[in-house]
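K.L.:
Structure in structure tokens, see below.
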Amino acid sequence: MQDDHDDTDTPGWDAINAALAPLYAGQEPRHFGTALPYTLGGQDPLDGISVYWADAPVPHWHYITYGFSELYAKESDDPAISGYGFELTFRLAAEAGERADSTPPVWPMNLLQNLARYVFSSGNVFEDGHHLNANGPIALETDTRLCHLAFIADPQLPARDTANGHLQFLQLVGLTDQEMEAVKRWSTRGVLQALLPAMPLWISDLHRGNLLDDPALAGQMQAGSQREGSSTGMLFIETLDWRQQAGVTTLVLGAGQVPSVCELLPLRLRHGKSLELASRERHWEFTPPAAGETAEVGTDRAHWPLDEAGLQALAGVRAERGTYPVSAALHFEVVPTCLRDAKGEVIRQIG
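Residue numbers for the sequence shown follow our numbering, beginning at 186 and rising by one.
So, in structure tokens, the structure goes:
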């Protein structure tokens, strides 16, 4: 349905429309609103999602959210930022036979609302350069190889200042396992810029293969990682817990996240950078060791300096159920990761 609102009390909403107007002059978007507002007990945090059709550079749908930023009267205490400071966008390559008058696929809207539920429930925000593992195809019940999401500034929607504060448009980009491994070893922006000639406007195509099968592109990724290390400062993970007993802290991780954590820690800490693990409830930060610095472990947040001996011990940690010593004071406990379908039923177990 189309949005229908009073222009006098929706400065944030109008700012989004104003950003889109030059890009889609004359086109009325398909706007999908939320029947029951989240504040009144509804299940969808976003007020709505607009979808536009674009013919170039290849036919695709462009999804834009309304609701991460402040759409109506200013309510937050920070005058510089509108709400969470961003809206999400997503570009999806059109299927054969789809046209401007076709009905856009619904699954990206479910994906965007799921991401909103995470942000609204945890308070964790997405930023340019972030990425996450979708734990399966980004479009459920498809055989697409795109199982990861990267966040990058939308190339056609620059950040802007609004009456409610600063607003940025972050685009979701679907990536394969191999492409995401390259992102973790290097950087989201480095990888996506290198892939741009093969993925114009970072349009996600569910039917494409792995772009790093091209040796030249794979070589660019390896060179960038060796030159700059990893810029991945935070991993959003589902399973994150810890306990302390008899002088030993046990960090509990899901088997699905263990390979990424163990690969990224050396690429961050050996370059003098920290790595933060974040779940809905907890944050754990690994840092390079500094003189006089000690570990601090609280209920919801923890800070742990990890030295070179600890980094070398990561080679013995496997994505299999079990407990693995990283140092005398720190152990990793690996528990199975369960992949679930849209109904919440387990379809596969890792570890």
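We put the beta carbon where it would ideally sit given N, CA and C, even for glycine.
Is the stretch 513 to 522 close to the stretch 430 to 446, with three or more CB pairs under 8 Å?
P.N.:
Yes, since at least three Cβ pairs between the stretch 513 to 522 and the stretch 430 to 446 fall closer than 8 Å, the two stretches touch.
K.L.:
Tell me which same chain residues have a C-beta within less than 6 Å of the C-beta of I323, skipping the five on either side of it?
P.N.:
Once the five neighbours on either side are set aside, the close Cβ partners of I323 are L331 and G359.
K.L.:
In whole angstroms, what separates the C-alpha of F311 from that of H468?
P.N.:
The straight-line gap from Cα to Cα measures roughly 15 Å.
K.L.:
To the nearest angstrom, how far is it from the Cα of L396 to the Cα of D194?
P.N.:
Cα to Cα, L396 sits roughly 46 Å from D194.
K.L.:
Measure how close the beta-carbons of L548 and L499 come, nearest whole angstrom, since I'm counting them as under 8 Å.
P.N.:
The structure shown has nothing for residue 548, since the chain only spans 186 to 536.
K.L.:
Output needed for L205: all residues of its chain with C-beta closer than 8 Å, excluding positions within five of it in sequence on either side, in chain order.
P.N.:
P214, S235, Y237, I249 and L342.
K.L.:
Rounded to the nearest angstrom, how far is the Cβ of H216 from that of S267, given a contact under 8 Å?
P.N.:
In fact, because the Cβ distance is near 19 Å, the residues do not count as touching under 8 Å.
K.L.:
Grouping DSSP H, G and I as helix and E and B as strand, with all else coil, what is A494?
P.N.:
A494 falls in the helix class under three-state DSSP.
K.L.:
Would you list the one or two residues that DSSP bridges to N318?
P.N.:
The partner list for N318 (beta bridge, DSSP) reads H333.
K.L.:
Give me the Cα-Cα distance between T288 and H245, rounded to the nearest whole angstrom.
P.N.:
Whole-angstrom Cα-Cα distance: 12 Å.
K.L.:
I'd like the ranges of any beta strand (DSSP E) spanning at least 3 consecutive residues and lying wholly in the stretch 337 to 366.
P.N.:
Listed in chain order, the complete beta strand (DSSP E) runs (minimum 3 residues) inside the stretch 337 to 366 are 345 to 347 and 350 to 360.
K.L.:
If you draw a straight line from the C-alpha of D191 to the C-alpha of D240, how long is it?
P.N.:
Only weak support exists for where D191 lies, its pLDDT of 47 falling under 50; the coordinates are left without a value.
K.L.:
When the Cα atoms are used, what is the spatial distance from D189 to Q429?
P.N.:
The predicted position of D189 is uncertain, since its pLDDT is 47 and thus under 50; a value taken from the coordinates is nonetheless stated next. Each residue's Cα considered, the two are about 54 Å apart.
K.L.:
What residue does the beta strand (DSSP E) around Y269 start on, and which one ends it?
P.N.:
Its beta strand (DSSP E) spans residues I266 to A278.
K.L.:
Could you compute how far the alpha carbon of A348 sits from the alpha carbon of F271?
P.N.:
Each residue's alpha carbon lies about 14 Å from the other.
K.L.:
Measuring CA to CA, which of P196, G282, A344 and R393 is closest to T361?
P.N.:
Closest by alpha carbon: R393.
K.L.:
Can you tell me where the beta strand (DSSP E) holding R428 begins and where it ends?
P.N.:
Start and end: L425 to Q430.
K.L.:
Mind checking Q298: buried by the 16 CB within 10 Å criterion, or exposed?
P.N.:
The residue is buried, with at least 16 neighbouring Cβ atoms inside 10 Å.
K.L.:
Would you list the one or two residues that DSSP bridges to A239?
P.N.:
Paired residue(s): H245.
K.L.:
Following the continuous beta strand (DSSP E) through Y509, name the residue where it begins and the one where it ends.
P.N.:
Y509 -> beta strand (DSSP E) spans G507 to P510.
K.L.:
Taking the C-alpha atoms as reference points, what is the distance between P196 and T508?
P.N.:
So the alpha carbons of these two residues sit roughly 53 Å apart.
K.L.:
Got a sec? Which residues, its chain only, sit under 6 Å from A203 by beta carbon, not counting five neighbours each side?
P.N.:
Cβ within range, chain order: n/a, list empty.
K.L.:
Where does L231 sit, in a helix, a strand or coil, going by DSSP?
P.N.:
If DSSP states are grouped into helix, strand and coil, L231 belongs with coil.
K.L.:
From the DSSP secondary-structure annotation, give me the bridge partner or partners of A487.
P.N.:
Looking at the DSSP assignment, A487 forms a beta bridge with W469 and V482.
K.L.:
If you reduce the DSSP assignment to three classes, tell me which class T537 lands in.
P.N.:
Beyond the ends of the chain as shown, which are 186 and 536, falls residue 537; an answer cannot be given.
K.L.:
Within the same chain, show all residues whose beta-carbon is closer than 8 Å to that of E255, passing over the 5 residues directly before and after it, in chain order.
P.N.:
The answer, listed in chain order, is G197, S261, S267, G268, N349 and G350.
K.L.:
Hey, how far is the Cα of Q187 from the Cα of A285?
P.N.:
In this prediction, Q187 has a pLDDT of 42, which is less than 50 and means its spatial position is unreliable; what the coordinates show is noted afterwards. Computed Cα separation, rounded: 16 Å.
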